[in-house]
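Structure first, then comments.
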Amino acid sequence: MARYIVNRLIQSTAVVFGVLLLVFVIINLTGDPVALMVPIEASEEDIERLRVAMGFDRPLYQQFISFLWGAVQGDFGDSLRYQSQPALKIVVERFPATLELAAATLAWALPMSLLLGTIAALKRNTGADSFAMFLALLGQSLPGFWLGLMLILVFSVQLGLLPSSGRGGFRHVILPAITLGSFVMARTTRLVRSGMIEVLNQDYIRTARAKGLRERTVLLRHAFKNAAIPVVTIVGLDIGTLLGGAVITETIFAWPGIGRLAIDAISYRDFPVVQANVFFIALAFVVINLLVDVLYTWLDPRVRVASGRS
Amino acid sequence: MENKYVKNRPCQFSRRRFLKMAATAAAVPVLTSCLPKMASSPAAPVAAPDSLSQVVLGYGIALATLDPHKNGVIAQESVIRNIYEALVAASADLKTVEPQLATEWKHIDDLTMQFKLRQNVKFHNGEEFDAEAVKASFTRVLNPDTNAPMLGNYSIIDRVDVLDKHTVNIVTKKPDPVLLRRLSGMHTNIMAPKYITTAPADEIATKPSGTGPYRLVSWVKDGDLVMEANLDYWGPAPKIGKVIVRSIPEVGTRISALMAGDVDVIAAVPPDDVERINQSGKARVLTVQGNRIMYWAMGVASPPTNNKLVRQAINYAANIDGIIKTVLRGSGYRRATLINPWHTGYSSEVQPYPYDPEKAKALLAEAGYPNGCDVNMNLVAGRVVKDKEVGEAIAGELAKVGINAKITWHEFGNYVSLASAGKLDGIIFASWGNVMQDADQAMMGLFHSSSGVAKAYQNGYSNPELDAILEQARSELNQAKRVELYTQAQRILLDDAPGIFGYSIEDIYAVNNRIEWQPRSDEMVWFQEMSPKS
Chain A
210 MARYIVNRLI
220 QSTAVVFGVL
230 LLVFVIINLT
240 GDPVALMVPI
250 EASEEDIERL
260 RVAMGFDRPL
270 YQQFISFLWG
280 AVQGDFGDSL
290 RYQSQPALKI
300 VVERFPATLE
310 LAAATLAWAL
320 PMSLLLGTIA
330 ALKRNTGADS
340 FAMFLALLGQ
350 SLPGFWLGLM
360 LILVFSVQLG
370 LLPSSGRGGF
380 RHVILPAITL
390 GSFVMARTTR
400 LVRSGMIEVL
410 NQDYIRTARA
420 KGLRERTVLL
430 RHAFKNAAIP
440 VVTIVGLDIG
450 TLLGGAVITE
460 TIFAWPGIGR
470 LAIDAISYRD
480 FPVVQANVFF
490 IALAFVVINL
500 LVDVLYTWLD
510 PRVRVASGRS
Chain B
42 MENKYVKNRP
52 CQFSRRRFLK
62 MAATAAAVPV
72 LTSCLPKMAS
82 SPAAPVAAPD
92 SLSQVVLGYG
102 IALATLDPHK
112 NGVIAQESVI
122 RNIYEALVAA
132 SADLKTVEPQ
142 LATEWKHIDD
152 LTMQFKLRQN
162 VKFHNGEEFD
172 AEAVKASFTR
182 VLNPDTNAPM
192 LGNYSIIDRV
202 DVLDKHTVNI
212 VTKKPDPVLL
222 RRLSGMHTNI
232 MAPKYITTAP
242 ADEIATKPSG
252 TGPYRLVSWV
262 KDGDLVMEAN
272 LDYWGPAPKI
282 GKVIVRSIPE
292 VGTRISALMA
302 GDVDVIAAVP
312 PDDVERINQS
322 GKARVLTVQG
332 NRIMYWAMGV
342 ASPPTNNKLV
352 RQAINYAANI
362 DGIIKTVLRG
372 SGYRRATLIN
382 PWHTGYSSEV
392 QPYPYDPEKA
402 KALLAEAGYP
412 NGCDVNMNLV
422 AGRVVKDKEV
432 GEAIAGELAK
442 VGINAKITWH
452 EFGNYVSLAS
462 AGKLDGIIFA
472 SWGNVMQDAD
482 QAMMGLFHSS
492 SGVAKAYQNG
502 YSNPELDAIL
512 EQARSELNQA
522 KRVELYTQAQ
532 RILLDDAPGI
542 FGYSIEDIYA
552 VNNRIEWQPR
562 SDEMVWFQEM
572 SPKS
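Chains as they are written, first to last, in this note's numbering: chain A, 210 to 519; chain B, 42 to 575.
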């Protein structure tokens, strides 16, 4: 078990550094950041002076070495756009907002999908099943952009019930969480349903029922735990994505999260912030994946046994 | 061991899990209501509709820094100017400058201007405003290590001499007719001297301390920036007690937020939404002639735009007036070149190119293109209101006289890299926001042969006669004489036609009906000029 986790940790570190390397190369292919930092009204001397001051006149390999050296120490340099402010700090500042939105999204989407998926599996081919699948279809096919604007029009402009944008108290998070969660809910519902249907046909479920166990015990203890493995995988990925920020939802609802920062940083060629942002997102993904892996060993002892042997 | 695992754990796990599932719905409020505190935003409640002394501005631009000496973005200056002040300020009609931290000034000689400073003024951090603050501020901007992005606009200033506590001389390297305009903002905002030397750079960027009518309360980047009225302000007390600048990047959301009453003022309203807002009964649209002038540079190095006659033909054919009327629904103002009526150096004698397709065809024939020609057209979309539609409309107009414009759409960053490296030719999107309100900045910046735009965007446009006039106008202290010089300069420009001369865009704001306000042409939003409607 310990060796399994150590192995995964080493792999994860390699992944994070691979991502950093890739980002450095790609972003340096996109062009000169300094010309974009200053308005067209700035003089040529101003642009050249800034280029030298920020080290963009150096050969690329030198820039890469100093970037790596800084990154190892957690220093991605000062943001080009948010002058004099460390890039990593700017990313970390946004994180509570992203975390809040991710938590609120999962808080309704997960229970909802577990409930809908299980009901749909149990009452297969009935009205309840059709209704659950209809909701899932709706959630998966409505574009977040459209859904968000519609929710604002109905609940903020027409009914005046909820704030249209920005981050504040609980009321602010409702609409973005619904927008962001509808897709998560839809996909997970389908996954839970198909997983449960598969598991419910297994021999051990028949055995459990034959033993005379109560239906509740059969469902919760035997069926659900086995059906949970693919769900945990996908939800793990979803959490990683949510922690990476939701660009469209954050933009529509003016939510000050990491996704908007990433897009702004890219369009302004704010290299340090892009790099710090990608690092942070990669880290979030890796940590979540690690947790999912550990959860596997818990849900399915075979994973633990197999990895212990290898 | 094994037995225990099978019997207890899964049961515990499932029960807990299902309990949690049931509880999460109830737990959401607890979870989310404690999270915002982590971001340390002490005060950001939603605008209560009846709190008359609060204004929320929904802003499309995300603010990045509040350090006036490191800011080159007009939209940021608009917020910064409520916190920081300069020696002088542009008047409401932008035609002159008015006293701000300086009360009076006079020329001592061609290089020296003397300023009497306002007394009993305090910075938000308690420091006193005096001659030393002025000296320290200019020293900071002019120090190359500060990396002021627009330093070039101010490097003509040589030094500040302190005469006494409330008198300074500002000495320029050459006679400078633009000096007062220069001192009216951007890098010439005055900062507190101790604060400059003791506060770390990232504190100066995020926790400003000026002398202005509003002081910063809190700022969540990409979220709310909260300001409150400065009770010790030297001028008339602001009527709006609390101001929130909320970053809302999506224009649809901005309009919805205005309609829902979540924000009170929004900028950059699309012309197509004007009617809807005016008919809502909750808010109204306010428009003003904008400072930014649309311009499409032309590369003078390669054919066909290396031929002056072709460039003139393009200007005759572009039908800018027609495009303003149709595509922009009237929200644009035709300009002869790149000088707005309120700029120092403007002359109404200089007239823009008329729409004359026959003349355009004749010029093309004279240039050796009787059957028309192809021209590259390099455009970007989404930077300025309707830039995409206007670009396409110009291409359509050119086609009518036989000029086949081949449009390439560039991503903005890529376009800036290519254009500033001189790698684009034909017709090249550009626009110019003149922060100085003086013809010098646009004329020297775009058309003097030493400027980056002339060298790169216009592929080396150079006219020695024009250069000489612009240099003369730059050091001529007699403003009437300068107007004459810029009139001559514009005549040369219209003849050379190194670009398509366009129009000033209209700045469109929308304001909640409970607020009284008159926007300005320089994109500055002065909250002390707003008041609750009685």
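From the three backbone atoms N, C-alpha and C, an ideal C-beta is built for every residue, glycine too.
Please compile the residues from chain B whose C-beta is within a distance smaller than 7 Å of the C-beta of residue i.
i: A:M246; result: P190
i: A:E424; result: In chain order: nothing, as chain B lies at least about 14 Å away.
Residues of chain E with a CB under 7 Å from the CB of residue i: which are they?
i: B:S461; result: Going by chain labels, chain E is absent from the structure shown, which instead holds the protein chains A and B.
Among the candidates the options, whose CA atom is the shortest distance from the CA of residue i?
i: B:G350; options: B:G101, B:G543, B:E390 and B:C414; result: The residue you asked about is not Gly; residue 350 of chain B is Leu in the sequence shown. Measuring from the Cα of B:L350, the nearest candidate turns out to be B:C414.
i: B:Y336; options: B:A298, B:A103 and B:A377; result: B:A377
i: B:W275; options: B:L257, B:I296, B:G253 and B:Y125; result: B:G253
i: B:K496; options: B:V212, B:V341 and B:P140; result: B:V341
i: B:Y396; options: B:S225, B:T229, B:D151 and B:G543; result: B:G543
i: B:L221; options: B:V182, B:S388, B:R375 and B:M154; result: B:M154
i: A:V225; options: A:T506, A:L499 and A:L508; result: A:L499
i: B:P290; options: B:D265, B:A278, B:D273 and B:G282; result: B:D265
i: A:G283; options: A:I361, A:V482 and A:P465; result: A:V482
Is there a Cβ of chain B sitting closer than 8 Å to that of residue i, yes or no?
i: A:Y413; result: no
i: A:S365; result: yes
i: A:R258; result: yes
i: A:F480; result: no
i: A:A223; result: no
i: A:P465; result: yes
i: A:Q292; result: yes
i: A:F462; result: yes
i: A:R267; result: no
i: A:L470; result: yes
Is the CB of residue i under 8 Å away from at least one CB in chain A?
i: B:R287; result: yes
i: B:E145; result: no
i: B:A301; result: yes
i: B:F164; result: no
i: B:D265; result: yes
i: B:G293; result: yes
i: B:D563; result: no
i: B:M62; result: Any reading at B:M62 is ruled out, since the residue's pLDDT is 39, under 50, leaving its predicted position unreliable.
i: B:V201; result: no
i: B:S250; result: no
i: B:S458; result: yes
i: B:A103; result: yes
i: B:D479; result: no
i: B:S92; result: Confidence in B:S92 is poor, its pLDDT being 43 and thus under 50, which makes the residue's placement unreliable; the coordinate value appears in the next sentence. B:S92 does not count as touching chain A.
i: B:D313; result: no
i: B:G501; result: no
i: B:T137; result: no
i: B:P290; result: yes
i: B:G193; result: yes
Residues of chain A with CB under 8 Å from residue i, in chain order?
i: B:S490; result: Residues of chain A passing the Cβ test: none, with the nearest at roughly 12 Å.
Going along the chain, which residues of its own chain have a beta-carbon closer than 6 Å to the beta-carbon of residue i, five neighbours each way excluded?
i: A:I600; result: The requested residue 600 of chain A does not occur in the structure, where chain A is confined to residues 210 to 519.
i: A:M342; result: none
Find the residues of chain A that neighbour residue i, judging by a C-beta separation of less than 9 Å, and give them in chain order.
i: B:S297; result: L358, I361, L362, S365, V366, S373 and S374
i: B:F453; result: L245 and S476
Can you list the residues of chain B that residue i reaches, using a CB-CB cut of under 9 Å?
i: A:I219; result: What A:I219 touches in chain B: nothing, since even the nearest Cβ is about 28 Å away.
Under 7 Å from any heavy atom of the ligand NAP, does the C-beta of residue i make it?
i: B:D415; result: The model depicted lacks the ligand NAP and carries no ligand whatsoever.
Can you find the residues in the same chain that come closer than 7 Å, C-beta to C-beta, to residue i, ignoring five residues on each side of it along the sequence?
i: A:H381; result: P372 and G375
i: B:N271; result: H165, G253, P254, Y255 and R256
i: A:S221; result: V495 and L499
At a CB-CB cut-off below 7 Å, which residues of chain A make contact with residue i?
i: B:D217; result: Under the 7 Å cutoff, chain A gives no residues; its nearest Cβ is about 16 Å from B:D217.
i: B:D466; result: Residues of chain A passing the Cβ test: none, with the nearest at roughly 18 Å.
i: B:A242; result: S293
What in chain B is Cβ-close to residue i, meaning under 8 Å?
i: A:I299; result: K262
i: A:V369; result: It is worth fixing the name first, because residue 369 of chain A is Gly in this sequence and not Val. Within 8 Å Cβ-Cβ: A301 and G302.
What residues in its chain sit with their C-beta under 8 Å from that of residue i, if we drop five residues either side in the sequence?
i: B:D171; result: L158, K206 and H207
Along the chain, which unbroken stretches of the beta strand (DSSP E) at least 3 residues long are found entirely within the segment 455-488 of chain B? 468-474
Could you give the uninterrupted runs of the alpha helix (DSSP H) lying entirely in the segment 295-343 of chain A, keeping only those of 4 residues or more? 296-331
Which runs of the alpha helix (DSSP H) at least 4 residues long sit entirely within the segment 382-407 of chain A? Give them in chain order. none
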